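**Q** Residues 1 to 70, numbered by our numbering, are exactly what the sequence shown covers, in order.
The beta-carbon is built from N, C-alpha and C at its ideal position, and this holds for glycine as well.
None of the values given here were measured: they were computed from a predicted structure.
One structure is given below, represented as structure tokens, and several questions about it will come after.
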Amino acid sequence: YFQKMLEIFSSPPMYTNYVQLPATGDPVAAKIRKKTKFWPYFKNAVGAIDGSHIHAAPPAYLHPNYRNHK
1 YFQKMLEIFS
11 SPPMYTNYVQ
21 LPATGDPVAA
31 KIRKKTKFWP
41 YFKNAVGAID
51 GSHIHAAPPA
61 YLHPNYRNHK
């Protein structure tokens, strides 16, 4: 399943229409840069999905694994 999703998200048209890599000079948000709680995990990150909701319809027994995070 993971391999299939990786293939879908990294292939056209999904990747070419929805993925936008940050520019080299894009600043890191102060909320992340100034908090030692966040910075170690994000300091080498290229980017992240922000403000996105991806609809998923997993089987009922897997619902706890797919809870929504905002």
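So for ALA57, helix, strand or coil by DSSP?
**A** Correct three-state label for ALA57: coil.
**Q** Which stretch, first to last residue, makes up the alpha helix (DSSP H) that contains LYS37?
**A** Looking at the DSSP string, LYS37 is not in any alpha helix (DSSP H), and its letter there is neither H nor E.
**Q** On the DSSP letters alone, give me the boundaries of the alpha helix (DSSP H) that ARG33 sits inside.
**A** Looking at the DSSP string, the run of the alpha helix (DSSP H) that includes ARG33 is 30–33.
**Q** The alpha helix (DSSP H) spanning TYR1 covers which residue range?
**A** Taken as a continuous stretch (DSSP letters only), TYR1 belongs to no alpha helix (DSSP H), as it is neither H nor E.
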